[in-house]
Amino acid sequence: MNDRLPVVIVGGGLAGALAAVRMAQRRPDLPLLLIEAGAAIGGNHTWSFFDSDVPAPARDLIAALNPVRWPRHSVRFQALARDFDAPYNAFRAEALDRLVRATLTPQQLRFNTPVERLEADGVVLAGGERIAARAVIDARGPQGAVPALELGWQKFVGIEFAASVPDPQRAMVMDATMPQIDGYRFVYVLPLAADRVLVEDTYYADGPALDVEIVSERVRTLAAERGIAGAELRRESGVLPILIGGDPQAFWPAGDPVARLGLAGGFFHATTGYSLRLALLLAEELSTLPGRLEGPQLAAWSRQRFLWHWHDMGFFRMLNRMLFRAAAPDQRHRIFAHFYRLGEDRIARFYAGEPTLGDKLRILSGKPPVGIAAALKALIRR
Ligand SMILES: Cc1cc2nc3c(=O)[nH]c(=O)nc-3n(C[C@H](O)[C@H](O)[C@H](O)COP(=O)(O)OP(=O)(O)OC[C@H]3O[C@@H](n4cnc5c(N)ncnc54)[C@H](O)[C@@H]3O)c2cc1C
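Take 15 as the starting number for the sequence shown in my numbering and just add one per residue.
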């Protein structure tokens with residue numbers, strides 16, 4: 015192996031960028047190249063998280079992104095309103111872009127460079143150029159519907175308004191007191207600054223189709239109902255996979271010579287579709303692996319890591335089967351309302367994807383929010 019060949023990360027989104035930053039900081043001995051199809055890092059995203067989503071070793075990385083922080087957050091359902099004194103945070107893609115450019119050298123970054131083919135020992139760019147690599151990491155993000163996986167969808171459109179809200183210290187993370195259409199529906203309200211508010215209309219739906227214009231109109235209505243009016247500053251939308259079941263071996267066959275990170279590697283929370291915590295964890299783990307990080311080592315590590323993650327997500331896939339297969343779409347809100355009766359610590363561990371056995375039993379206890387027969391049918395059908 016030529017020692018000057020780089021580890022090539024394809025995709026400067028959340029996972030690829032965080033991994034590249036950590037590699038540049040912790041493994042300056044290893045050549046590194048981050049290749050991004052777009053003109054900037056991170057695309058058009060606002061990423062949000064609870065403090066408990068951030069693994070302790072990654073706190074400095076998050077601090078470097080200078081997130082907006084709300085001391086409190088709330089949820090609202092028809093029959094339940096809860097306010098939590100626990101903080102919520104968010105950062106924009108621009109912050110990730112700045113961090114990457116401040117940490118990597120210009121020689122370690124290529125923008126506007128779509129990769130056409132990923133191979134064990136190199137990548138082929140859209141223009142035909144080939145770059146040889148010691149290892150290749152696929153961090154190209156979501157792949158849409160994947161035959162090996164049974165998926166539901168979390169989809170949303172958010173609009174940022176030049177407006178203010180009465181309590182800018184509070185993030186509304188889930189307000190489901192609205193007509194339920196296309197599955198479980200809620201609105202998310204983040205006062206990003208004294209004069210900017212992000213309002214997002216979200217659906218847990220059976221299909222991935224999202225009409226951004228129609229949902230944008232609904233966002234405007236939701237905003238107006240909440241007294242939020244002002245010029246529209248920007249818009250973002252997403253269609254995130256929610257994992258119900260599938261075949262991990264078919265999704266990621268043994269012997270695949272290319273390592274993966276982020277959504278390309280199935281590294282997302284099966285129920286929330288979120289991936290920040292896993293992206294932080296894997297950036298930490300990758301940058302502290304021993305050795306020269308050659309292709310076969312990285313590919314085997316990342317696949318093994320995926321299989322562990324798949325195992326860890328078993329409980330969430332089971333919940334998702336209840337959510338998507340046992341509950342009628344307009345009744346899905348009852349499952350979330352039931353969940354939000356739990357204690358704060360249990361809720362935090364759920365979002366972090368690390369519930370204890372006690373948490374799991376508690377989540378499944380009490381009067382079930384869906385009919386027993388339908389729930390059993392959904393659980394048996396794999
Ligand atoms: C609008 C939005 C908001 C979200 N909010 C949250 C949140 O608050 N918290 C959370 O945890 N999760 C959130 N998610 C879910 C998830 O965390 C994000 O989708 C996250 O960006 C996924 O990270 P990733 O690195 O796998 O993919 P991406 O961030 O999508 O990055 C993939 C990158 O690869 C590049 N790329 C693709 N193909 C090629 C190619 N052939 N060659 C070169 N480059 C290529 C793309 O341009 C892109 O930059 C959100 C998703 C969306 C869409």
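Just so it is clear, CB atoms sit at the ideal spot from N, CA and C, and this is done for glycine as well.
According to DSSP, is residue i part of a helix, a strand, or is it coil?
i      : result
Ala149 : strand
Leu47  : strand
Ile377 : helix
Asp359 : helix
Leu19  : coil
Met327 : coil
Leu257 : strand
Val35  : helix
Leu295 : helix
Ala268 : coil
Tyr288 : coil
Gly56  : coil
Gln122 : helix
Asp135 : coil
Arg396 : Reliability of the predicted coordinates at Arg396 is poor, the pLDDT of 48 falling under 50, and the value obtained from them is presented with this limitation in mind. In the structure shown, Arg396 sits in coil (DSSP, three-state: anything other than H, G, I, E or B).
Arg348 : helix
Tyr217 : strand
Leu307 : coil
Leu28  : helix
Ala366 : coil
Ala342 : coil
Val40  : The displayed chain sequence assigns Arg, not Val, to residue 40. It is helical.
Leu212 : strand
Pro128 : coil
To the nearest angstrom, how far is the alpha carbon of residue i from that of residue j?
i      : j      : result
Ala116 : Leu312 : 26 Å
Val24  : Ala34  : 10 Å
Phe329 : Glu143 : 44 Å
Pro45  : Leu79  : 24 Å
Trp324 : Gly287 : 14 Å
Ala341 : Leu123 : 47 Å
Gly372 : Gly252 : 33 Å
Leu19  : His283 : 33 Å
Ile377 : Arg355 : 9 Å
Asn16  : Ala149 : 11 Å
Asp152 : Glu239 : 43 Å
Asp111 : Leu290 : 15 Å
Val22  : Leu375 : 43 Å
Tyr102 : Ile76  : 13 Å
Ala48  : Ala93  : Per the sequence presented here, residue 48 reads as Leu, with Ala not at that position. Approximately 48 Å between the Cα atoms of the pair.
Trp266 : Gly305 : 24 Å
Phe197 : Arg90  : Sequence check: residue 197 is Gly here, not Phe. Approximately 17 Å between the Cα atoms of the pair.
Pro205 : Ser230 : 18 Å
Gln194 : Ala366 : 27 Å
Ala51  : Pro161 : 25 Å
Arg348 : Trp315 : 39 Å
Arg317 : Phe350 : 32 Å
Ala278 : Arg154 : 6 Å
Val203 : Thr370 : 30 Å
Phe353 : Asn126 : 43 Å
Val114 : Asp344 : 42 Å
Leu292 : Ala159 : 21 Å
Glu227 : Glu108 : 25 Å
Leu118 : His59  : 21 Å
Ala7   : Thr285 : Lying before the first or after the last residue shown, residue 7 is absent from the chain, which here runs from 15 to 396.
Leu212 : Phe338 : 28 Å
Leu163 : Arg210 : 38 Å
Asp43  : Thr302 : 13 Å
Met192 : Phe200 : 7 Å
Pro233 : Leu139 : Correcting the residue type first, residue 233 is Val in the shown sequence and not Pro. Taking the straight line from one Cα to the other gives about 39 Å.
Trp84  : Arg106 : 15 Å
Glu130 : Ala146 : 14 Å
| field | the segment 67–78 contacting the segment 87–99, beta-carbon criterion three pairs below 8 Å | value | no
| request: Go through the segment 62–117 residue by residue and report every complete run of the alpha helix (DSSP H) that reaches 4 residues or more, in order. | output: 73–77, 107–117
| query | Does the segment 360–375 touch the segment 52–71, meaning 3 or more C-beta pairs lie closer than 8 Å? | reply | yes
| said: So within the segment 219–255, which uninterrupted alpha helix (DSSP H) runs reach at least 4 residues, ignoring any that extend past its ends? | reply: 226–239
| request: Examine the Cβ distances between the segment 253–270 and the segment 334–346 and report whether three or more of them are shorter than 8 Å. | output: yes
| request: Flag this pair as touching only if the segment 235–254 and the segment 168–177 have three or more C-beta atom pairs under 8 Å; answer yes or no. | output: yes
| task | Check whether the segment 29–43 touches the segment 270–281, counting contact only when three or more Cβ pairs, one atom from each stretch, lie closer than 8 Å. | result | yes
| Contact between the segment 303–317 and the segment 185–194 (3+ Cβ pairs under 8 Å) | no
| request: Would you list, in sequence order, the uninterrupted beta strand (DSSP E) runs of no fewer than 3 residues that lie entirely inside the segment 141–207? | output: 144–146, 149–152, 163–175, 184–189, 198–207
| said: Between the segment 154–174 and the segment 216–231, can you find at least three pairs of beta-carbon atoms closer than 8 Å? | reply: yes
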